[in-house]
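Working notes, beginning with the structure itself.
Here you go:
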């Protein structure tokens, strides 16, 4: 199976498009009470490029991000397509209730904005924005982002060292250290292998057992999980 | 007749001060800021949840840019009292807007209430609306610093207000910590035993979802969006 590093639909125009370079400022807020975002990838790219699309299978690079927070593959692939990106503006995890800023980003010839980061604790959950058309009109634009499931790993909700590697089942970390241990596992089955809206964490209230290592009172969310404010200068 | 500029201290609800253009005076004053115009906003609030009564709402008109809460920052003391007990008076007093009104009773699921605010403040105005989801620990819904001055006469703007967590009380859902009819427990507790910042609400778990100590059942669950707010201007 030929897995492309990014999804490129249709033809990329090789002729410089009519888009004019924009200078953007981007503010991203973690709206949740108990969910962390791993290092964010913010990328401006051409039309027909997607880091992910709902209803399609995740690429290997998307899987690496969703399962382990590794954005290096997506960043490298974006670079080869002429994207202008900012990686890890928060210099690490973006904790619940916190925000981070990209003060200036020159889009060059790119006129779409995408954002991804893994959400923790989860097996392969991520927060995402897919190819938002960047307005040419100067102004301030507010976007609300949902949590997605990459469809590449069963949501067993068990913490396991080293499980950030694609193919290794488990949740790599719970940064808040406020869950449980010794869960038996919520499920071993990922029946939906397409990218889709995350059905949420289940969790339980058993600190030393139960099905999940997550706390149902702390590690759930209701969409949206992120607020993005884009200023076009 | 010369208009003097006044600092207006406005009273609650339907009064306006008796200042207006002198009849028969059609001087075109060069300074438009000296004309006083009364404006009334009618705010209709509808409870869109399945089984989360909303506490008597507070509605406040203020200058623009005045936020009653900020995501990621601690709730004010007044908001803590409101979000844990449903009582709005401390919140309203502390916010100190131009004019305010509070509902007389709880808004039951599916029901609506309309409150009116009248002012002749000569500045851009914004609306704050807030109410507690009573079958939660510290869940509230509403809007803050929502600009309304652009609304034309007889125009209407509307929004489905999100559900927030005040972060002041852990979401234990126990009988002694939830004040609503599901439990009848304690409302306000000055101890802040949760994350101490305002966030979007993560939802309730309930006993039907395996949390045995919860006094809530599946009917108390909600997804984002608790109150439909419609504002018209007269």
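Chains as they are written, first to last, in the numbering used here: chain D, 114 to 346; chain F, 712 to 945.
Virtual Cβ for every residue (Gly too), placed ideally from N, Cα, C.
Strictly under 8 angstroms for the Cβ-Cβ distance: is residue 827/F near chain D by that measure?
Taking the second chain and counting its residues from 1, the one referred to as residue 827/F is at position 116. No, because no Cβ of chain D sits closer than 8 angstroms to the Cβ of residue 827/F.
Would you identify the three-state DSSP class for residue 801/F, choosing helix, strand or coil? Position 90 of the second chain holds residue 801/F. If DSSP states are grouped into helix, strand and coil, residue 801/F belongs with the helices.
Residue-chain proximity (residue 890/F, chain D), Cβ-Cβ < 8 angstroms | By 1-based counting over the second chain, the position of residue 890/F is 179. No, residue 890/F does not count as interfacial toward chain D.
Cutoff 7 angstroms; reference residue 301/D; Cβ partners in own chain excluding five residues on either side: The count along the first chain starts at 1 and reaches residue 301/D at position 188. Result list for residue 301/D: 267 and 269, in chain order.
Quick test of your reading: residue 202/D and residue 258/D, contact by CB under 8 angstroms. State the CB separation rounded to the nearest angstrom.
Indexing the first chain from 1 puts residue 202/D at position 89. Indexing the first chain from 1 puts residue 258/D at position 145. Not quite, the Cβ-Cβ distance comes to about 15 angstroms (not below 8 angstroms), so this is no contact.
Quick one: which chain D residues come within Cβ less than 8 angstroms of residue 902/F?
Along the second chain, one-based indexing puts residue 902/F at 191. Near residue 902/F there are no residues of chain D at all, since even the closest Cβ is about 17 angstroms away, more than 8 angstroms.
Contact residues within the region 786 to 814 of chain F, judged by C-beta distance below 9 angstroms to chain D
none
When Cβ atoms are compared, which residues of the region 861 to 889 of chain F fall closer than 8 angstroms to chain D? 874, 876, 878, 881, 882, 883 and 884
(message) For a test of your reading of the model: does the CB of residue 890/F fall under 7 angstroms from any non-hydrogen atom of the ligand SAM? Yes or no.
(response) In the structure shown, the ligand SAM is absent, as is every other ligand, since no ligand is present at all.
Problem set entry | Stretch pair the region 874 to 891 of chain F + the region 908 to 922 of chain F: three plus CB contacts closer than 8 angstroms | yes
Which residues in chain F have a C-beta closer than 9 angstroms to the C-beta of residue 209/D? List them in chain order. To locate residue 209/D, count along the first chain from 1; it is residue 96. Taking a Cβ-Cβ threshold of 9 angstroms, the residues of chain F close to residue 209/D are 783, 906, 908 and 910, in chain order.
* Proximal chain D residues relative to residue 921/F, where beta-carbon distance stays under 7 angstroms -> Numbered from 1 along the second chain, position 210 holds the residue referred to as residue 921/F. Simply 317.
(Q) For a test of the three-state rule: what should DSSP assign to residue 861/F, helix, strand or coil? (A) Stepping through the second chain from its first residue, residue 861/F is reached at position 150. Three-state result, residue 861/F: coil.
Original post:
Closest by CA to residue 230/D, which one among 215/D, 260/D and 210/D?
Top reply: Stepping through the first chain from its first residue, residue 230/D is reached at position 117. For residue 230/D, the nearest C-alpha among the options comes from 260/D.
- Query: I think residue 754/F touches residue 770/F, with their Cβ atoms under 8 angstroms apart; what is that distance to the nearest whole Å?
  - Reply: What you label residue 754/F is simply residue 43 of the second chain in a count that begins at 1. What you label residue 770/F is simply residue 59 of the second chain in a count that begins at 1. Indeed they touch by this definition, with Cβ atoms about 5 angstroms apart.
- Message: Tell me which residues share the same chain as residue 799/F and place their Cβ nearer than 6 angstroms to its Cβ, disregarding the 5 neighbours each side in the sequence.
- Response: Stepping through the second chain from its first residue, residue 799/F is reached at position 88. So the qualifying residues of the chain are 769, 793 and 813.
- Out of curiosity, what's the CA-to-CA distance linking residue 191/D and residue 216/D? Counting from one through the first chain, the residue named residue 191/D turns up at place 78. Counting from one through the first chain, the residue named residue 216/D turns up at place 103. So the two alpha carbons sit approximately 20 angstroms from each other.
- Query: Does the separation of the CB atoms of residue 134/D and residue 264/D fall below 8 angstroms?
  - Reply: The residue you call residue 134/D lines up with position 21 of the first chain. The residue you call residue 264/D lines up with position 151 of the first chain. Going by C-beta atoms, residue 134/D is not nearer than 8 angstroms to residue 264/D.
Exercise for review: Spell out a yes or no on whether the region 837 to 847 of chain F and the region 764 to 784 of chain F are touching, meaning 3 or more CB-CB pairs, one atom from each, closer than 8 angstroms.
Suggested key: yes
**Asked** How about residue 226/D and residue 242/D: do their beta carbons lie closer than 8 angstroms?
**Response** The residue labelled residue 226/D in the question sits at position 113 within the first chain. The residue labelled residue 242/D in the question sits at position 129 within the first chain. Result yes, Cβ atoms of residue 226/D and residue 242/D sit closer than 8 angstroms.
| task | Using a Cβ-Cβ cut-off of 8 angstroms, state whether residue 935/F counts as contacting chain D. | result | As a first step, residue 935/F must be located in the second chain, where it is residue number 224. It does: the Cβ of residue 935/F has a partner Cβ on chain D nearer than 8 angstroms.
field: Extent of the continuous alpha helix (DSSP H) run through residue 211/D
entry: By one-based count along the first chain, residue 211/D stands at place 98. Neither: residue 211/D is in no alpha helix (DSSP H) and is coded neither H nor E.
Could you check what DSSP says for residue 889/F in three-state terms: helix, strand or coil? Here residue 889/F refers to the residue found at position 178 when the second chain is read from its first residue. DSSP places residue 889/F in coil when its eight states are reduced to three.
Can you tell me the Cα-Cα spacing of residue 941/F and residue 862/F, whole angstroms?
Numbered from its first residue, the second chain carries residue 941/F at position 230. Numbered from its first residue, the second chain carries residue 862/F at position 151. Near 12 angstroms, if we compare the C-alpha coordinates of residue 862/F and residue 941/F.
Does residue 206/D have its Cβ less than 8 angstroms from a Cβ in chain F?
If you number the first chain from 1, residue 206/D lands on position 93. So, not an interface residue.
Rounded separation between residue 285/D and residue 180/D - CA only:
If you number the first chain from 1, residue 285/D lands on position 172. If you number the first chain from 1, residue 180/D lands on position 67. Taking the straight line joining both Cα atoms gives about 8 angstroms.
Go ahead and label residue 945/F buried or exposed: buried means 16 or more other beta carbons lie within 10 angstroms of its beta carbon, across all protein chains shown.
-> Walking along the second chain from the start, residue 945/F turns up at place 234. Under this definition residue 945/F is an exposed residue.
- Task: Could you work out which residues of chain F lie near residue 147/D, taking near to mean beta carbons separated by less than 9 angstroms?
- Result: Position 34 of the first chain, counted from the first residue, corresponds to residue 147/D. What residue 147/D touches in chain F: 906, 910 and 913.
Where residue 252/D sits in the DSSP three-state scheme
Against the first chain, residue 252/D aligns to sequence position 139. Reduced to three states, the DSSP call for residue 252/D is strand.
Mind pulling the chain F residues with CB within less than 8 angstroms of residue 329/D?
To locate residue 329/D, count along the first chain from 1; it is residue 216. Residues of chain F passing the Cβ test: 916, 920, 921 and 922.
Requested in this report: Compute the Euclidean distance between the alpha carbons of residue 209/D and residue 311/D, then round it to the nearest angstrom.
Outcome: Stepping through the first chain from its first residue, residue 209/D is reached at position 96. Stepping through the first chain from its first residue, residue 311/D is reached at position 198. Those two C-alpha atoms are separated by around 18 angstroms.
ask   = In chain order, which continuous runs of the alpha helix (DSSP H) of length 4 or greater are located wholly inside the region 234 to 313 of chain D?
value = none
Can we say the region 313 to 322 of chain D touches the region 288 to 297 of chain D, given the rule of at least three CB pairs closer than 8 angstroms?
yes
Under 8 angstroms, do residue 345/D and residue 248/D count as touching if we go by C-beta distance?
Position 232 of the first chain, counted from the first residue, corresponds to residue 345/D. Position 135 of the first chain, counted from the first residue, corresponds to residue 248/D. With contacts defined by Cβ atoms closer than 8 angstroms, residue 345/D and residue 248/D form a contacting pair.
> Which residues mark the beginning and the end of the beta strand (DSSP E) in which residue 938/F is found?
Replying inline: Your numbering for residue 938/F matches position 227 in the second chain. Unbroken beta strand (DSSP E) run through residue 938/F: 938 to 944.
Worksheet entry | Reduced DSSP category for residue 790/F - H, G, I as helix; E, B as strand; rest coil | Taking the first residue of the second chain as 1, we reach residue 790/F at position 79. Correct three-state label for residue 790/F: helix.
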